[in-house]
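Novice: Can you keep this structure in mind? I'll have questions shortly.
Residue numbers (this note's numbering), protein chains in the order written: chain U, 1 to 411; chain Z, 1001 to 1411.
The following block contains the structure:
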């Protein structure tokens, strides 16, 4: 049996320092050439590789906001006017200029004819319905201020302006904007490929019989799904035993062409810490981060591939991912979108070790308060499955009362 | 040219009524047999078909929360005790019962031996590191209350309890819980297949030249991405002209084996409303919902397939999706996860038509306020791309001041 010195309150690394170390480790994933061009329909959730300037103005031309009549506002005095009706202007047409003293039926989105500067909605016209095709006629319209119901060209964005910044996470609205610019494809950062390995003699893959003293591997599924959601390409290497030679062989066999290796378990100060043992000849640090749960962490490279060793309990794994890996990817690649920090009031009091950043799990209630789910224990998987937020209790705080405000991250 | 009567303040359908009508229309997507069994790695974002009861307790057995010594608490008086060290209990092993007067080295997650009822962390032992393998010896341990650092069996969930309710959206934590139960696959609702058609003579597919008076199709990409995000399988039928015969042919050609048809545009009261015209012989209602934007809506069936006709402006499309289609799917299938209603204070005042539910776009600021992005115009795609929330101004409200609280939905 071996024993390792372990972190304590004095020597534990602050959360922000470890987050910076993880970001530094992952710099390689945004090197030049690690982008690809995808059709918009396949770019959802990816990070934009470069700034996008508007190639055209939106709207591209002045157009009608209503179904009605395009008019010259100066043609209609305060008492209204009786105007000759011109051929209609459907959306998509390129209309003739509007002669003085006339009105052109115009549909929503249709280009405002040259000369016209306002639209009178059909409801305000007499008669209040359009004439039959080919029918000549006149219409009585009320006075209308210049610009009324006209969407001027460039009022959403002008050609040449920066529309989206490099590193923007492409959601429906951002992709819709690129489509509105006429772009059929977009250059995005490549997805990061990760090898995911659960370790531990006590861990059995789901679907197999469960011998006494063993538990099913939930870390693998939990992290795989969290990584899928974050846009990573995940290779599952299954479960490694606590034999370092087996873990080494597995990593060498499957970790050659990935951007990152993540293991769970075997990084603590126990007697059988397979990840520590396997990494003995690699530049990997094992340390304690001032965080609860998720304190024991490994970080370095394995045969040159960036490596993160997360602790073995499922809640610790998810917290490690959310606190370190996910924000690093968001900052570097624009994807996944960063967690938005929200404020909520605690539904109940809590205690926290003052020298650690505590991350509790909770559920936002309809009244805006957050209810803690489960206790501090990092093995409480069912409590995690009831939660929709992480609750942050920063280092230096030892007690919070019901009603106190906390920062929460929606999961 | 034709003209249709149009909704007004008196006759417009309340938002809740239209939401109920959309939910009713979609009942067919949760008929029996519309489920499938997937491996956990492919079930992310799906809705659970049935309740899941815990097939085993979590933890399955009492186990150690720390690396340390398993002891019988009665063996250690207040002043501490010197105990004989037994062979270690690694995680995953099925240990021998613990004899009186002894202590067994135990690792985090390992099964508590019969007879033991507490764990003393290694840091509190003298010596404070484990003995070498094969080494006989004794250890001095302080008094420890029964149950200390023991995770009792079933304290997260007991076998037989309901672990997840039918209709739960399966995120990382829920999938992790199923894995912890040893389940390798799960029965979920099938993904809903939708045919998506943009209409309008003015609309050109991205990537093609843009003639004067025309605009690029952003609705198709915007809705496709929103639907992808919500877990639907989207078939894009491209852009239909304003010729009803063309739209009918396209719907008959491509809409045979989908669960839902969604069109954009052509549902309003203008002269060229292709969707209204194409649906003349189908049981489809065209009506006005008391909502801004997104008032004009079509709802019914086309050749027996559920049909929704969204308006033609991009913001109206997205709001229609978020207000009607997405919540109906969430309620029926459990996926996508419902939008969590949050409260935020307005960074600026706003006005709203009192007879409509107004949906504005905004961005949550670091100070917790929400800044409105763009005006009321439903064509403001760039403003939408800057937004991360929808801001709700219910019917009956005409003015809100800076600092007033509003309900927001995170996008």
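Each residue gets a CB set at the ideal place from its N, CA and C atoms; glycine is no exception.
Does residue 1291(Z) have its Cβ less than 8 Å from a Cβ in chain U?
Specialist: Against the second chain, residue 1291(Z) aligns to sequence position 291. Answer no: the Cβ-Cβ gap between residue 1291(Z) and chain U never drops below 8 Å.
Novice: Report buried or exposed for residue 8(U), applying the criterion of at least 16 other Cβ atoms within 10 angstroms of its Cβ.
Specialist: Indexing the first chain from 1 puts residue 8(U) at position 8. Only weak support exists for where residue 8(U) lies, its pLDDT of 43 falling under 50; the value from the coordinates is given anyway. Its Cβ having fewer than 16 others within 10 Å, residue 8(U) is exposed.
Novice: Measuring only between beta-carbons, confirm whether residue 94(U) sits less than 8 Å from chain Z.
Specialist: Here the question's residue 94(U) lines up with position 94 in the first chain. Taking Cβ atoms only, chain Z reaches closer than 8 Å to residue 94(U), which makes this a yes.
Novice: Between residue 1248(Z) and residue 1199(Z), how many whole angstroms is the CB-CB distance? I'm expecting something under 8 Å.
Specialist: On the second chain, residue 1248(Z) is found 248 positions in, with the first residue counted as 1. On the second chain, residue 1199(Z) is found 199 positions in, with the first residue counted as 1. Wrong, their Cβ atoms sit about 12 Å apart, outside the cutoff.
Novice: Could you work out which residues of chain U lie near residue 1314(Z), taking near to mean beta carbons separated by less than 8 Å?
Specialist: The residue you call residue 1314(Z) lines up with position 314 of the second chain. Correct list: 176 and 180.
Novice: State the DSSP-derived secondary structure class of residue 282(U), mapped to helix, strand or coil.
Specialist: Stepping through the first chain from its first residue, residue 282(U) is reached at position 282. Residue 282(U): coil per DSSP, three-state reduction.
Novice: Hey, quick one: how far does the alpha helix (DSSP H) through residue 273(U) stretch, first residue to last?
Specialist: Position 273 of the first chain, counted from the start, is the residue given in the question as residue 273(U). No alpha helix (DSSP H) contains residue 273(U), which DSSP labels as neither H nor E.
Novice: Residues of chain Z with a CB under 8 Å from the CB of residue 216(U): which are they?
Specialist: Translated into the one-based positions of the first chain, residue 216(U) becomes position 216. Those are 1179, 1180, 1181 and 1182, listed as they occur along chain Z.
Novice: Considering only C-alpha positions, which residue in the set 1349(Z), 1369(Z), 1187(Z) and 1390(Z) is nearest to residue 1397(Z)?
Specialist: Position 397 of the second chain, counted from the start, is the residue given in the question as residue 1397(Z). Comparing Cα positions, the closest option is 1349(Z).
Novice: Mind listing which residues of the region 136 to 156 of chain U have their C-beta closer than 9 Å to chain Z's C-betas, in chain order?
Specialist: The region 136 to 156 of chain U vs chain Z, Cβ under 9 Å: 151, 155 and 156.
Novice: Could you give the DSSP three-state label for residue 1219(Z): helix, strand or coil?
Specialist: Counting from one through the second chain, the residue named residue 1219(Z) turns up at place 219. In this structure, residue 1219(Z) counts as helix in the three-state DSSP scheme.
Novice: Counting only beta-carbon separations shorter than 8 Å, does residue 380(U) have a partner in chain A?
Specialist: No chain A is present in this structure, whose protein chains are U and Z.
Novice: For residue 6(U), count neighbouring C-beta atoms within 10 Å of its own C-beta (all shown protein chains included) and say buried if the count is 16 or more, exposed if not.
Specialist: For the purposes of this step, residue 6(U) is identified with residue 6 of the first chain, where counting begins at 1. Any reading at residue 6(U) is ruled out, since the residue's pLDDT is 41, under 50, leaving its predicted position unreliable.
Novice: Could you give the DSSP three-state label for residue 322(U): helix, strand or coil?
Specialist: On the first chain, residue 322(U) is found 322 positions in, with the first residue counted as 1. Residue state, collapsed to three classes: helix.
Novice: Going along the chain, which residues of the region 334 to 354 of chain U sit with their C-beta nearer than 8 Å to a C-beta in chain Z?
Specialist: For the region 334 to 354 of chain U, which is checked against every Cβ of chain Z, the residues closer than 8 Å are 340, 341, 342 and 343.
Novice: Enumerate in chain order the residues of its own chain whose CB-to-CB distance from residue 90(U) is below 7 Å, with the five nearest sequence positions on each side excluded.
Specialist: As a position in the first chain, residue 90(U) is number 90, starting the count at 1. Contacts found: 107 and 110.
Novice: Bridge partners of residue 1111(Z), per DSSP?
Specialist: Within the second chain, the letter at position 111 stands for residue 1111(Z). In DSSP, residue 1111(Z) forms a bridge with 1063(Z).
Novice: Show which residues of chain U have a CB atom less than 8 Å away from the CB atom of residue 1061(Z).
Specialist: Position 61 of the second chain holds residue 1061(Z). Going along chain U in sequence order, the residues near residue 1061(Z) (Cβ under 8 Å) are 212 and 213.
Novice: Starting from residue 1024(Z), follow the alpha helix (DSSP H) in both directions and report where the run begins and ends.
Specialist: Taking the second chain and counting its residues from 1, one reaches residue 1024(Z) at position 24. Element bounds for residue 1024(Z): 1015 to 1025.
Novice: Expressed to the nearest angstrom, what Euclidean distance is found between the alpha-carbon atoms of residue 287(U) and residue 151(U)?
Specialist: Counting from 1 along the first chain, the entry for residue 287(U) is found at position 287. Counting from 1 along the first chain, the entry for residue 151(U) is found at position 151. Near 60 Å, if we compare the C-alpha coordinates of residue 151(U) and residue 287(U).
Novice: To which residues of the same chain is residue 314(U) closer than 6 Å at the C-beta, ignoring the five residues directly before and after it?
Specialist: The residue given as residue 314(U) occupies position 314 in the first chain. Excluding positions up to five away in sequence, the list reads 218, 219, 222 and 381.
Novice: Among 1244(Z), 1130(Z), 1330(Z) and 1213(Z), which one has its Cα closest to the Cα of residue 95(U)?
Specialist: In the first chain, residue 95(U) corresponds to position 95, counting from 1. The shortest C-alpha separation from residue 95(U) is found at 1213(Z).
Novice: With 16 as the cutoff for other CB atoms within 10 Å, does residue 18(U) come out buried or exposed?
Specialist: Within the first chain, the letter at position 18 stands for residue 18(U). Buried: at least 16 other Cβ atoms inside 10 Å.
Novice: Mind listing which residues of the region 1272 to 1300 of chain Z have their C-beta closer than 8 Å to chain U's C-betas, in chain order?
Specialist: Flagged, chain order: 1272.
Novice: Secondary structure at residue 1386(Z), three-state DSSP: helix, strand or coil?
Specialist: Residue 1386(Z) sits at position 386 when you count from the first residue of the second chain. Looking at residue 1386(Z) - three-state DSSP - the assignment turns out to be coil, as it is neither helix nor strand.
Novice: Closest by CA to residue 419(U), which one among 1195(Z), 1374(Z) and 1168(Z)?
Specialist: What is shown of chain U runs 1 to 411, which leaves residue 419(U) out entirely.
Novice: Is there at least one Cβ from chain U nearer than 8 Å to residue 1003(Z)'s Cβ?
Specialist: For this step, residue 1003(Z) is matched to residue 3 along the second chain. Because the pLDDT at residue 1003(Z) is just 35, under 50, the model does not fix this residue reliably, and the value given afterwards should be weighed accordingly. Yes - at least one Cβ of chain U is within 8 Å of the one on residue 1003(Z).
Novice: Going by C-alpha distance, which of 1410(Z), 1020(Z), 1376(Z) and 1332(Z) is nearest residue 1029(Z)?
Specialist: In the second chain, residue 1029(Z) corresponds to position 29, counting from 1. Out of 1410(Z), 1020(Z), 1376(Z) and 1332(Z), 1332(Z) has the C-alpha closest to the C-alpha of residue 1029(Z).
Novice: Closer than 8 Å, Cβ to Cβ, to anything on chain U: give me those residues from the region 1366 to 1397 of chain Z, in chain order.
Specialist: Against chain U - using a Cβ distance shorter than 8 Å - the residues of the region 1366 to 1397 of chain Z are 1366, 1368, 1374, 1377, 1379, 1380, 1381, 1382, 1383, 1384, 1385, 1387 and 1388.
Novice: Would residue 53(U) be called buried (16 or more neighbouring beta carbons within 10 Å of its own) or exposed?
Specialist: Here residue 53(U) refers to the residue found at position 53 of the first chain. With fewer than 16 Cβ atoms within 10 Å of its Cβ, residue 53(U) is classed as exposed.
Novice: Need the endpoints of the alpha helix (DSSP H) that residue 246(U) sits in, please.
Specialist: Counting from 1 along the first chain, the entry for residue 246(U) is found at position 246. Counting along the chain, the alpha helix (DSSP H) containing residue 246(U) begins and ends at 244 to 254.
Novice: Quick check on the burial criterion: 16 or more other C-beta atoms within 10 angstroms. Buried or exposed for residue 326(U)?
Specialist: In the first chain, residue 326(U) corresponds to position 326, counting from 1. Result: buried.
Novice: Give a yes or no on whether 8 Å exceeds the smallest Cβ distance from residue 1165(Z) to chain U.
Specialist: For this step, residue 1165(Z) is matched to residue 165 along the second chain. No, residue 1165(Z) lies away from the interface with chain U (no Cβ there is under 8 Å from its Cβ).
Novice: Confirm, please, whether the CB-CB distance from residue 194(U) to residue 258(U) is below 8 Å.
Specialist: Stepping through the first chain from its first residue, residue 258(U) is reached at position 258. Stepping through the first chain from its first residue, residue 194(U) is reached at position 194. Their beta carbons are under 8 Å apart, which means residue 258(U) touches residue 194(U) by this criterion.
Novice: Within the 8 Å Cβ cut-off, does residue 1229(Z) reach chain U?
Specialist: Working through the second chain from its first residue, we reach residue 1229(Z) at position 229. With 8 Å as the cut-off, residue 1229(Z) counts as an interface residue toward chain U.
Novice: Report yes or no: is there a C-beta of chain U within less than 8 Å of the C-beta of residue 1330(Z)?
Specialist: The count along the second chain starts at 1 and reaches residue 1330(Z) at position 330. No - not a single Cβ of chain U is within 8 Å of the one on residue 1330(Z).
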